[in-house]
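Novice: For reference, each letter of the sequence shown is one residue, going 132 to 323 in the working numbering. The beta carbon of each residue, even a glycine, is placed where N, CA and C say it ideally should be. Note that the structure is predicted; figures quoted are calculated from it, not measured. The structure's right below; bear with me while I get my questions together.
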Amino acid sequence: MARFTKPRSETARMRRGFGWLAGLGVLLVVAGLVGLVYTAAVTLTSMLLFGWLLLIGGLVGLLHAVQARGTSFFWLGVIVAALNIAAGVVVIGHPHATAAALTMFAALLFLTGGLFRVVGSVVVRGPQFGWTLLLGVFYLLLGVLVLGSWPSSSQYVIGAFLSLALLFDGLGLIASGFGGRRIVSMVSDSTA
Numbered sequence: 132m133a134r135f136t137k138p139r140s141e142t143a144r145m146r147r148g149f150g151w152l153a154g155l156g157v158l159l160v161v162a163g164l165v166g167l168v169y170t171a172a173v174t175l176t177s178m179l180l181f182g183w184l185l186l187i188g189g190l191v192g193l194l195h196a197v198q199a200r201g202t203s204f205f206w207l208g209v210i211v212a213a214l215n216i217a218a219g220v221v222v223i224g225h226p227h228a229t230a231a232a233l234t235m236f237a238a239l240l241f242l243t244g245g246l247f248r249v250v251g252s253v254v255v256r257g258p259q260f261g262w263t264l265l266l267g268v269f270y271l272l273l274g275v276l277v278l279g280s281w282p283s284s285s286q287y288v289i290g291a292f293l294s295l296a297l298l299f300d301g302l303g304l305i306a307s308g309f310g311g312r313r314i315v316s317m318v319s320d321s322t323a
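Set out below in C-alpha cells:
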C-alpha cells in the first residue's frame, strides 16, 4: 500500500501545478482584456517600463564593464552601457515620442513583411500558397492601417498588440493547464 502513496502524491502535485498554470492563464487573459480597454495606458506604461529596463540594464552593464577593466571587453562594455543608459533616459523622458517611433517601425515591418510574403507566395507557389498570400495581404493591410493613422495610432497600437499578446498567451496557458490536468487524470486512472 505504501508503494502507491508516492505516485498519488506525485499525481496530486502535477495536477496542482497544471492548475496553477491555468490560474496564471486566467490572470493573463484578464490583464489582456483590461489592456484592450485601456490601450493608451498600456502603451505609456510599456514605454516607461522599456525605458527603465534600458536604464537599469545600462547601469548593470557599466558596473560589469568597470569590473572587467583590464580586459579587451572594457571599452566595448562601456560604450554599450552608455548607449543603453542614454536610450533609457530618452525613452523615460519622451515616452510618447518613443511610442510614435516604435509604431512607425512596426508599420514599416508589417508593410515589408507583407510585401515579401505576397511576392514570395506568387513567385514560389508552394503548398501553402493561399495561406501565405492571405497572411501577406493581412500584413500589408495592417501596415497601411497603422501608417495611415500615424502618429495618432501610436497611442493605442503598441498597447493593443501587448494586450492581445497577453490575451492569447493566457488562453494558451489555460488550454495547457486544463489539458495537462486531463492527461494526468487519464494516466493516473489507467495505472490505478
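Going by beta-carbon coordinates alone, are residue 155 and residue 297 separated by less than 8 Å?
Specialist: Along the sequence shown, one-based indexing puts residue 155 at 24. Along the sequence shown, one-based indexing puts residue 297 at 166. Going by C-beta atoms, residue 155 is not nearer than 8 Å to residue 297.
Novice: Determine the closest residue to residue 237 out of 171, 273, 192, with distance taken between C-alpha atoms.
Specialist: For the purposes of this step, residue 237 is taken as residue 106 along the sequence shown, with counting starting at 1. It is 273 whose Cα lies nearest to the Cα of residue 237.
Novice: Taking the straight line between their C-alpha atoms, what separation do you get for residue 215 and residue 186?
Specialist: Looking up residue 215 in the sequence shown gives position 84. Looking up residue 186 in the sequence shown gives position 55. Between residue 215 and residue 186, the C-alpha separation is close to 6 Å.
Novice: What alpha helix (DSSP H) runs, 4 residues minimum, are completely inside the segment 155-199?
Specialist: You should have 170-198.
Novice: Taking residue 181 as the reference, which of 314, 310, 289, 266 has the closest Cα?
Specialist: Here residue 181 is taken as the residue at index 50 of the sequence shown, counted from 1. The candidate whose alpha carbon is nearest that of residue 181 is 289.
Novice: Check whether the segment 141-154 and the segment 298-311 touch, using three or more Cβ-Cβ pairs below 8 Å as the test.
Specialist: Contact between the segment 141-154 and the segment 298-311 is present, because at least three Cβ pairs lie under 8 Å.
Novice: Inspect the beta-carbon positions of residue 234 and residue 316 and report whether they are closer than 8 Å.
Specialist: Counting from 1 along the sequence shown, the entry for residue 234 is found at position 103. Counting from 1 along the sequence shown, the entry for residue 316 is found at position 185. No, these two residues do not count as a Cβ contact at 8 Å.
Novice: Run through DSSP, which three-state label would residue 286 get?
Specialist: For the purposes of this step, residue 286 is taken as residue 155 along the sequence shown, with counting starting at 1. Here residue 286 sits in helix by DSSP.
Novice: Take residue 163 as the anchor and find which of 195, 263, 304, 300 has the nearest alpha-carbon.
Specialist: Sequence index remark: in the sequence shown, residue 163 carries index 32 (1-based). Comparing Cα-Cα distances from residue 163 to each of 195, 263, 304, 300, the minimum goes to 300.
Novice: I need the DSSP call for residue 225, collapsed to helix, strand or coil.
Specialist: On the sequence shown, residue 225 is found 94 positions in, with the first residue counted as 1. Residue 225 falls in the coil class under three-state DSSP.
Novice: For residue 132, name the three-state secondary structure that DSSP assigns.
Specialist: The residue you call residue 132 lines up with position 1 of the sequence shown. Only weak support exists for where residue 132 lies, its pLDDT of 46 falling under 50; the coordinates are left without a value.
Novice: Can you give me the Cβ contacts of residue 188 inside the same chain, cut-off strictly under 6 Å, excluding the 5 residues immediately before and after it?
Specialist: Your numbering for residue 188 matches position 57 in the sequence shown. Counting only Cβ-Cβ distances below 6 Å, and skipping sequence neighbours, we find 215.
Novice: Quick check on DSSP: helix, strand or coil for residue 281?
Specialist: For the purposes of this step, residue 281 is taken as the residue at position 150 of the sequence shown. Residue 281 falls in the coil class under three-state DSSP.
Novice: Considering only C-alpha positions, which residue in the set 270, 222, 190 is nearest to residue 176?
Specialist: Here residue 176 refers to the residue found at position 45 when the sequence shown is read from its first residue. Of 270, 222, 190, the residue nearest in Cα terms is 222.
Novice: Please classify residue 144: does DSSP put it in a helix, a strand, or coil?
Specialist: Here the question's residue 144 lines up with position 13 in the sequence shown. Residue state, collapsed to three classes: helix.
Novice: If you reduce the DSSP assignment to three classes, tell me which class residue 203 lands in.
Specialist: On the sequence shown, position 72 is the one that residue 203 refers to. In the structure shown, residue 203 sits in coil (DSSP, three-state: anything other than H, G, I, E or B).
Novice: Quick test of your reading: residue 148 and residue 293, contact by CB under 8 Å. State the CB separation rounded to the nearest angstrom.
Specialist: Along the sequence shown, read from residue 1 onward, the residue named residue 148 stands at position 17. Along the sequence shown, read from residue 1 onward, the residue named residue 293 stands at position 162. That pair is no contact at about 27 Å.
Novice: Taking the alpha-carbon of residue 270 as reference, which of 245, 257, 226, 225 has the nearest alpha-carbon?
Specialist: Walking along the sequence shown from the start, residue 270 turns up at place 139. Looking at the Cα atoms, 245 is the closest of the given residues.
Novice: DSSP three-state label for residue 248, please.
Specialist: What you label residue 248 is simply residue 117 of the sequence shown in a count that begins at 1. In this structure, residue 248 counts as helix in the three-state DSSP scheme.
Novice: Which word fits residue 257, buried or exposed, when buried means at least 16 other C-beta atoms lie within 10 angstroms of its C-beta?
Specialist: By one-based count along the sequence shown, residue 257 stands at place 126. That one is exposed.
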